[in-house]
Amino acid sequence: MVSKTALYASRRDLPPLVTQAVALANSLGFISSCTPEQGELLRVLARGRASGVIGETGTGCGVGLAWIASAVGPETRFVSVEIDATRAAACQALFAALPNVQVLHGDWRMIAGYGPFDLLVLDGGGGGKRVNDPPADPALLLKPGGTLVLDDFHPPLEFWPEAAAPRDADGRSTTAARQYWLQHPELFATEVRVHPQASAILATRKAPRS
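Using our numbering, you'd call the opening residue of the sequence shown number 92 and step up by one each time.
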């Protein structure tokens, strides 16, 4: 697997907290940090949700969380869940100086107890792209008007034929997950390319009908 953390090696324009998170990822040998392009997208989206509640599944070594926490002030609350105990503890220490940032150790489903969210990044569970990872219910996790972000999709060729569909690390086609989010009846959703070989889905929950 190609290291996405390594994509930061030549960057000198990073927010200080992102630089610290990348250093942590390198020290722990963690190669699956969000790409710099995805981080820039998260920073823009976070600025649009200042004073709100932002959630994340899959803290990793905190690179994505550092991007969004660097974008807004202490009036915005962040909750991130990481299943790996070592990485969760390291990220708790990394963000200890920010009382508005909470890093939890456990399964991604813990995030539901801290919502609903204005912005939710499904990076470590709930996206439906992996085996034994059913997609989350946006109606339970998002406020009306809240936005969901999912990254690490291969750029689409409209709709991939199943036989030619890109596969995740477990060999599962990502077509089903893509269609779940883009065609979900409670969401306005689109897919944007953030890198020549990667795209992200952005989905906003519709307001309930009166």
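From the three backbone atoms N, C-alpha and C, an ideal C-beta is built for every residue, glycine too.
Beta-bridge analysis with DSSP links A289 to H286. Excluding the 5 residues flanking it on each side, C182 has same chain C-beta neighbours closer than 6 Å at T150, G153, V194, in chain order. According to the DSSP assignment, G236 belongs to no alpha helix (DSSP H) but to the beta strand (DSSP E) extending over 233-244. For N223, the closest alpha carbon among the candidates P299, E131, D198, V144 is that of D198.
Where E147 is concerned, the enclosing beta strand (DSSP E) starts and stops at 144-148. Bounds of any alpha helix (DSSP H) do not take in E277, whose DSSP letter is neither H nor E.
Taking P226 as reference, the option from G164, A180, T148 with the minimal CA-CA separation is T148. Between the alpha carbons of D104 and I122 lies a distance of about 20 Å.
Here D228 is exposed. Its C-beta has fewer than 16 other C-beta atoms within 10 Å.
C-alpha of Y205 to C-alpha of A141: approximately 17 Å in a straight line.
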